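In this text, residue positions in the sequence shown follow UniProt numbering: the first is 1, and each later residue adds one.
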Amino acid sequence: MSTLPLLRLGGFRHVYRLLQGPPRHSSGVPATTESPNAISVPLPIDRVRQRNFDLLLETLSSNGNPSRVWANYTNLITFLGYERLPLEIHQQVLRKCTPSSRLLRASAARRLFAGNVPRIPHVYEGRFQAVIRNIRASGAQPTLDDYSFILEQFAAVGHHFGAIHVYRELTSLGIVPRTKTFGLCLQAVAHRLTLPVHPRDKVQRIAVTRRMVSDLVSAMKSFNIPFTSVNLDLTMRILKETTDMQGFELLMKWGYGIDLANPDCPPLEYLQSTDADAVKPTFQQFSTAALNMTIDTLGRLKNISRMVQAFEVLTTPLSTRHSSVSYDEDEDEDYGGPRETIGFTRPSASPNTTTYNILIRHISQAGHAVFARHYLLQAMELERQVMLRLKRDIGRLPLEEVPSPHFAINRGTLLSVFGESNRDKNVGLMRWLHSKFYRILSMKRGALRFFMHYRMARVRKRLWPYEDPSTFNATGFELPSRVTNGAAQKEPLLPTKFTTIAERWKAPNDVGAVFDVDVDDESAPPPTPTKSFDLDLHIGVLKRDVAEIEALYAHVETILARTTQRMKERLERRVWRGKDIYLRTEGDMRQRVRVSAEKWKQIAGFRKGRRQKKGSQRPGMVEHGDQQKTR
1 MSTLPLLRLG GFRHVYRLLQ GPPRHSSGVP ATTESPNAIS VPLPIDRVRQ RNFDLLLETL
61 SSNGNPSRVW ANYTNLITFL GYERLPLEIH QQVLRKCTPS SRLLRASAAR RLFAGNVPRI
121 PHVYEGRFQA VIRNIRASGA QPTLDDYSFI LEQFAAVGHH FGAIHVYREL TSLGIVPRTK
181 TFGLCLQAVA HRLTLPVHPR DKVQRIAVTR RMVSDLVSAM KSFNIPFTSV NLDLTMRILK
241 ETTDMQGFEL LMKWGYGIDL ANPDCPPLEY LQSTDADAVK PTFQQFSTAA LNMTIDTLGR
301 LKNISRMVQA FEVLTTPLST RHSSVSYDED EDEDYGGPRE TIGFTRPSAS PNTTTYNILI
361 RHISQAGHAV FARHYLLQAM ELERQVMLRL KRDIGRLPLE EVPSPHFAIN RGTLLSVFGE
421 SNRDKNVGLM RWLHSKFYRI LSMKRGALRF FMHYRMARVR KRLWPYEDPS TFNATGFELP
481 SRVTNGAAQK EPLLPTKFTT IAERWKAPND VGAVFDVDVD DESAPPPTPT KSFDLDLHIG
541 VLKRDVAEIE ALYAHVETIL ARTTQRMKER LERRVWRGKD IYLRTEGDMR QRVRVSAEKW
601 KQIAGFRKGR RQKKGSQRPG MVEHGDQQKT R
């Protein structure tokens with residue numbers, strides 16, 4: 001009996017017999033009894049299969065072109081017939097029949113910029129389906145790692161429908177998903193929300209996304225898989241874009257232990273798990289980034305009261321032990337008394353500049369002028385405290401140990417308040433904001449002078465023994481000479497390299513980037529490292545803020561003059577027509593009064609006897625420089 005050729009698989013220890021069953025003979029050649037010493041000659045079909053198999057192994061071992069790998073794989077499958085390939089070959093083909101997820105994501109972005117939107121989100125989805133079908137047809141079952149690779153590919157292009165279908169298929173096969181499985185599904189959904197969509201399909205996409213996230217979160221509960229920081233961050237981003245208030249509240253309660261309806265109390269689920277045998281839920285650390293996302297999401301949902309409540313509670317650090325007590329409504333005080341929840345850490349985070357900018361922006365867009373004034377005053381006071389603390393730390397600590405400040409008023413903080421006053425033509429709010437610019441600019445200019453003098457003093461201390469005092473004096477510094485025994489000592493100058501702000505500072509990563517997270521990491525996130533104070537960077541930020549606020553101040557002054565002038569013109573037309581107007585200084589403020597034209601000129605601050613140029617405004621109208629404050 002002839003022996004069949006054995007096919008050696010590169011990278012594996014054992015040898016697989018490709019062909020199964022008795023040897024096949026060509027048609028028309030009778031089967032004869034062969035002697036033991038006879039040499040078997042492979043049939044032509046066997047040689048073709050062997051050649052295709054060798055080509056496939058060669059492309060797999062050399063990391064060849066994905067299209068070439070797929071061509072050799074399909075050719076081999078065509079000639080195999082009923083023979084089976086080992087599972088490892090299918091798995092290698094699955095991972096090498098497509099480019100890497102990084103290259104695929106870059107190519108998909110280039111197509112979108114070129115306006116070429118593919119009909120199929122993933123161009124190699126058919127290959128994945130064929131390989132999985134061949135694995136199951138051979139009697140084997142794909143592993144969770146195989147499905148995770150497909151999910152990673154779908155997440156790279158934002159193919160959320162494909163990711164959900166893959167998840168349903170692996171659960172139908174009895175495969176238990178892991179944290180990474182849900183992370184890749186959430187990553188695909190979050191990536192899809194960043195891609196362009198037709199306006200008529202936007203509402204449908206949001207509805208589909210909400211349903212997908214709800215199914216994934218429910219599945220995580222059923223499999224008892226806790227939220228990691230990565231999965232929680234991805235889910236929060238999705239819910240922020242879809243404006244799902246119910247899902248967002250549930251996620252905050254389950255992920256961070258925050259009940260937005262009662263943010264100063266632990267969730268009810270935690271209070272119910274006070275027994276020793278009950279498994280207490282584990283919450284993620286509430287950071288400043290999570291605070292900003294919470295404030296932004298509540299602002300997008302137009303829930304201003306809950307946003308303000310969450311900001312006030314979550315930015316106030318309290319004791320680690322939950323000191324508040326709770327009573328049962330149906331029980332008397334003598335029976336059991338109050339119950340204190342032990343071991344619950346109240347989540348809190350320190351606000352930064354972005355927190356106040358987001359808060360004031362949503363408040364101003366909702367038209368709450370009183371809240372806008374309140375939180376701008378609070379921001380001004382917080383900046384003063386941060387600046388005093390920074391100066392105190394610089395005086396008593398080395399510069400490398402001084403923590404970097406995380407709050408300062410910038411143009412974005414003031415622009416939202418100005419936008420609210422300009423939209424509603426609220427002259428009182430605009431004038432109030434105009435009056436605060438002087439204090440803000442004075443504080444920032446003073447801080448800028450302080451830190452520039454401090455840097456100059458550090459340069460003087462570092463360059464104390466200077467070899468050529470004339471060269472040093474030419475730069476604007478004057479250093480006293482070190483005198484010892486009546487003679488000045490000269491020491492060589494150490495070279496010092498000064499770099500610009502652009503060279504020392506790198507732009508932060510995009511907080512909305514979907515792929516800046518590691519879905520493989522299931523451990524708790526490490527504590528955020530404390531950044532040390534960078535003197536040159538701080539001076540550069542102060543210079544930028546002063547320049548931008550000065551430009552905004554000039555713009556606000558122009559708009560204020562124009563708005564005040566138009567208000568005077570509107571009231572003047574009513575006075576000329578004999579109609580009544582509201583005056584703060586005349587009678588009851590709740591009732592309109594009529595005034596004469598002469599008295600109105602005195603109230604409005606119009607100049608008397610001013611000559612009007614040809615084509616100028618009507619008599620009685622003046623420019624901003626000649627007017628007085630209007631009551």
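The C-beta atom is built at its ideal place from N, Cα and C for all residues, glycine as well. As the structure is a computational prediction, the values presented were derived from the model and not from experiment.
Asked: Segment contact flag, the region 552–572 with the region 427–445, C-beta cutoff 8 Å, min 3 pairs; Found: yes
Asked: Host alpha helix (DSSP H) of Thr-294 (start-end); Found: 288–300
Asked: N-terminal and C-terminal residue of the alpha helix (DSSP H) that Thr-345 is part of; Found: Unbroken run through Thr-345: none, as it is neither H nor E.
Asked: Residues that Ser-364 bridges to, as DSSP identifies them; Found: Note: Ser-364 sits in no beta bridge, so no partner.
Asked: Spatially closest choice to Glu-58 from Arg-102, Lys-96, Glu-401, by CA coordinates; Found: Lys-96
Asked: Straight-line gap, Gly-395 to Leu-441 (C-alpha atoms, nearest Å); Found: 24 Å
Asked: Assigned secondary structure, Val-131 (DSSP; H/G/I helix, E/B strand, else coil); Found: helix
Asked: Host alpha helix (DSSP H) of Lys-531 (start-end); Found: From DSSP, Lys-531 is part of no alpha helix (DSSP H); its letter is neither H nor E.
Asked: Span separating the alpha-carbon of Leu-234 from that of Ala-190; Found: 7 Å
Asked: For Ile-581: DSSP bridge partner residues; Found: Val-593
Asked: Any 3 or more C-beta pairs closer than 8 Å across the region 105–112 and the region 73–89; Found: no
Asked: Close Cβ partners of Tyr-167 (< 6 Å) along its chain, the five nearest in sequence each way excluded; Found: Cys-185
Asked: Buried or exposed by the 16-neighbour rule on C-beta atoms within 10 Å, applied to Glu-572; Found: buried
Asked: Bridge-paired residues (DSSP) for Pro-263; Found: DSSP, once it has assigned bridges, lists no residue as partnering Pro-263.
Asked: Gln-602 to Phe-418 span [Cα, whole Å]; Found: 29 Å
Asked: Straight-line gap, residue 637 to Ala-604 (C-alpha atoms, nearest Å); Found: This structure cannot settle anything about residue 637, because the visible part of the chain is limited to 1 through 631.
Asked: Proximity below 9 Å, CB of Gly-257 to CB of Phe-227; Found: no
Asked: Proximity winner among Leu-251, Gly-174, Phe-451, relative to Gly-540 (alpha-carbon distances); Found: Phe-451
Asked: Beta-carbon gap between Leu-193 and Arg-210 smaller than 9 Å; Found: no
Asked: Euclidean distance between Cα positions of Gln-50 and Leu-80; Found: 10 Å
Asked: Cβ neighbour criterion (16 or more within 10 Å) applied to Phe-113; Found: exposed
Asked: Check whether Asp-545 and Ile-409 have beta carbons under 9 Å apart; Found: yes
Asked: Backbone CA spacing between residue 634 and Tyr-454 [nearest angstrom]; Found: Outside the shown range of the chain, which is 1 to 631, sits residue 634, and nothing can be said about it.
Asked: Neighbourhood of Pro-351 by C-beta distance below 6 Å, restricted to the same chain and skipping five residues each side; Found: Thr-315
Asked: Span of the alpha helix (DSSP H) around Asn-75; Found: 66–80
Asked: Which of helix, strand or coil DSSP assigns to Pro-199; Found: helix
Asked: Environment of His-362 [buried if 16+ CB atoms lie within 10 Å]; Found: buried
Asked: Distance CB(Phe-128)-CB(Pro-177) smaller than 9 Å; Found: no
Asked: Check whether Ala-188 and Leu-104 have beta carbons under 9 Å apart; Found: no
Asked: Pro-338 in three-state terms, based on DSSP; Found: The pLDDT assigned to Pro-338 is 43, lower than 50, so where the model puts this residue is not dependable; a value taken from the coordinates is nonetheless given after this. Of the three classes helix, strand and coil, the one that applies to Pro-338 here is coil, per DSSP.
Asked: Cα-Cα separation between Arg-566 and Leu-415, rounded to whole angstroms; Found: 22 Å
Asked: Contact under 9 Å by Cβ, Thr-345 with His-406; Found: no
Asked: Closest Cα partner of Glu-152 within the set Arg-462, Arg-102, Thr-143; Found: Arg-102
Asked: Presumed contact (8 Å Cβ cut-off) between Phe-154 and Asn-231, rounded CB distance; Found: Between Asn-231 and Phe-154 the Cβ distance is about 17 Å, and since that is not below 8 Å, they are no contact.
Asked: Ile-150: first and last residue of the uninterrupted alpha helix (DSSP H) it sits in; Found: 144–157
Asked: Pro-403 - partner residues in DSSP beta bridges; Found: Ser-532
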